[in-house]
Amino acid sequence: MIRFAPSMRALAVCLAFLAGYVDALGFLSTSGFFVSFMSGNSTRLAVGLTGAHAEAMAAGTLILCFVAGVVLGAVAGAHAGRRHSVAVLLLVSLLLAGAAMASGWPGLWTPGLLALAMGAENAVFEREGEAPLGVTYMTGSLVRVGFGLSGLLTGRRHPGWTGFALLWTGLVAGALAGATLFPMLKQDAMALASVAAFALAGWAWTAGLRISA
Numbered sequence: 000m001i002r003f004a005p006s007m008r009a010l011a012v013c014l015a016f017l018a019g020y021v022d023a024l025g026f027l028s029t030s031g032f033f034v035s036f037m038s039g040n041s042t043r044l045a046v047g048l049t050g051a052h053a054e055a056m057a058a059g060t061l062i063l064c065f066v067a068g069v070v071l072g073a074v075a076g077a078h079a080g081r082r083h084s085v086a087v088l089l090l091v092s093l094l095l096a097g098a099a100m101a102s103g104w105p106g107l108w109t110p111g112l113l114a115l116a117m118g119a120e121n122a123v124f125e126r127e128g129e130a131p132l133g134v135t136y137m138t139g140s141l142v143r144v145g146f147g148l149s150g151l152l153t154g155r156r157h158p159g160w161t162g163f164a165l166l167w168t169g170l171v172a173g174a175l176a177g178a179t180l181f182p183m184l185k186q187d188a189m190a191l192a193s194v195a196a197f198a199l200a201g202w203a204w205t206a207g208l209r210i211s212a
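Every letter in the sequence shown is one number past the one before it in numbering that gives the first Met the number 0, and letter 7, counting from 1, is 6.
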């Protein structure tokens, strides 16, 4: 996190909040599948292969959609050049809007589009084929927090760990917001996520946020 300007760190926390919010919507609308946490879906895929084949198919489909979203986000960012982040966020907003419109359709249309959006979101900070900062998954961030806390005990400094703690906090806060609003708003909760992504794209545009090499 210390390699990023303060404005980019703030954007990362906002994106973690959005990811938590959307993941909660996906989890509740599918009775236990994830749209941003693919480690969980990978476990469900493996367990499902032992007997619950329908669950394995659902988990596998969401994993494929997530990876496809990463591809779409990376391609959109590559074509946008210096406005990489803006283009990816606009794509995320469009996919989330599609998920809201598909709400109520049979099958995996809505969670699939949500997974596409979350995969694409990870391309906001893509640089030379790598994502230096994950905003939809927090295991790595919690490891960094653990290293930072260990440094307090050993005297070995691990700079930037508090930023990763903020990322995790943002994701949890977003999931709490999603779990609170989904029972009341249903598909409108997904539309709200699309509006939020569009607003973040506008912020990235007006602030001139760019990923440096």
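Ideal placement from N, C-alpha and C gives every residue a C-beta, glycine not left out.
| query | result |
| --- | --- |
| Secondary structure of R155, DSSP reduced to three states | coil |
| Validate contact between the stretch 155-174 and the stretch 15-23 using beta carbons, cut 8 Å, 3 pairs | yes |
| Straight-line Cα distance separating R126 from A212 | Low per-residue confidence applies at A212: pLDDT is 45, beneath 50, and the placement is therefore not dependable, though the value from the model is reported in the following sentence. A212 and R126: Cα-Cα distance of roughly 7 Å. |
| Distance between G50 and L199 (C-alpha atoms, nearest Å) | 42 Å |
| Length of the line joining the Cα atoms of M37 and V66 | 9 Å |
| Whole-angstrom distance between L88 and G197, CA atom to CA atom | The sequence as given places Phe at residue 197; Gly does not occur at that position. One C-alpha to the other measures close to 7 Å. |
| Cβ neighbour criterion (16 or more within 10 Å) applied to A4 | exposed |
| As assigned by DSSP and simplified to three states, the class of I1 | Residue confidence is low: I1 scores 49 on pLDDT, short of 50, so the model does not pin down where it sits. Its coordinate-derived value is still stated next. Correct three-state label for I1: coil. |
| 4 or more residues per run - each alpha helix (DSSP H) lying fully within the stretch 107-140 | 108-120 |
| L44 vs L71 beta-carbon contact at 8 Å | no |
| Three-pair Cβ contact test at 8 Å for the stretch 184-193 versus the stretch 141-160 | no |
| 6 Å CB neighbourhood of G97 in its chain, flanking five on each side removed | L112 |
| Secondary structure of T60, DSSP reduced to three states | helix |
| Distance, H52 Cα to I1 Cα | With a pLDDT of only 49 at I1, under 50, the local geometry of the prediction cannot be trusted, and no value is derived from it. |
| Where the alpha helix (DSSP H) containing G169 begins and where it ends | 160-184 |
| Same chain only: Cβ atoms within 8 Å of G133, ignoring 5 sequence neighbours per side | N121, G139, S140 |
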